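K.L.:
Residue numbers (the numbering used here): 2 to 179.
Following this message is one structure expressed as structure tokens.
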DNA sequence: TTCCCGATTGTA
DNA sequence: ACAATCGGGAAC
């Protein structure tokens, strides 16, 4: 089961409250999605703004595909592709609230501080041990699983996106309190 | 082929 | 507040 991923802005909101779980040989690791950002093709801040490249090809694939990219020479970030095939758009997962496999996260993140396990896009990828080889694959074909919210989520806050220099006026960062 | 910089994080 | 660190993309 997947949330509505018909476009990136709605998808970014709809993904909040869903639980992302990675089923690994060492155990299940996961958490509830509490922060996302939307990127569209007609958006200067998006990797797809100037058309497809070898790296960004997965973003043009169908909704439910995964897109991972390497940033600042050391971090991997995970996106869930949205929209029709041929449209380059996706949702960046920025933070989770840990629910499963906290001991494994502490090991992979090399910290016991719960607040710092999955508090950024690079951190959550490291905590869940999500391999870059997932990029380009369909989420349902990987060991990742999305579980619908158990109870209704609270109010969604909409703010400016983090760490970008272009299209900074777009309020496409979405967060919830749990 | 070269150069520049980024959808960040950890440490001081 | 700031250094660490390197692949991709655009330009030459």
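Idealized CB from N, CA, C, for every residue including glycine.
If you're wondering where the values come from, they're calculated on a predicted model, not measured in any experiment.
If distances are taken between C-alpha atoms only, which option among 137, 110 and 99 comes closest to residue 32?
P.N.:
99
K.L.:
Give the range of the beta strand (DSSP E) segment to which residue 159 is assigned.
P.N.:
158 to 160
K.L.:
Return the bridge partner residues of residue 61 from the DSSP annotation.
P.N.:
Answer by DSSP bridge pairing: none, since residue 61 is not bridged.
K.L.:
Thinking C-alpha only, which one of 12, 71 and 17 is nearest residue 79?
P.N.:
71
K.L.:
Around the Cβ of residue 149, are there at least 16 other Cβ atoms within 10 angstroms (buried) or fewer (exposed)?
P.N.:
exposed
K.L.:
Measuring CB to CB, does residue 129 end up less than 8 Å from residue 140?
P.N.:
Residue 140 is positioned such that its CB atom lies no closer than 8 Å to that of residue 129.
K.L.:
On the CB-based measure, 16 or more other CB atoms within 10 Å of its CB, does residue 28 come out buried or exposed?
P.N.:
Result: exposed.
K.L.:
List the DSSP bridge partners of residue 19.
P.N.:
Answer is none; residue 19 lacks a bridge partner.
K.L.:
Comparing alpha-carbon positions, which option in 176, 162 and 142 lies nearest residue 24?
P.N.:
142
K.L.:
According to the neighbour-count rule (16 or more other Cβ atoms, all chains shown, within 10 Å of its Cβ), is residue 38 buried or exposed?
P.N.:
Label assigned to residue 38: buried.
K.L.:
Quick check: what's the CA-CA separation for residue 120 versus residue 34?
P.N.:
10 Å
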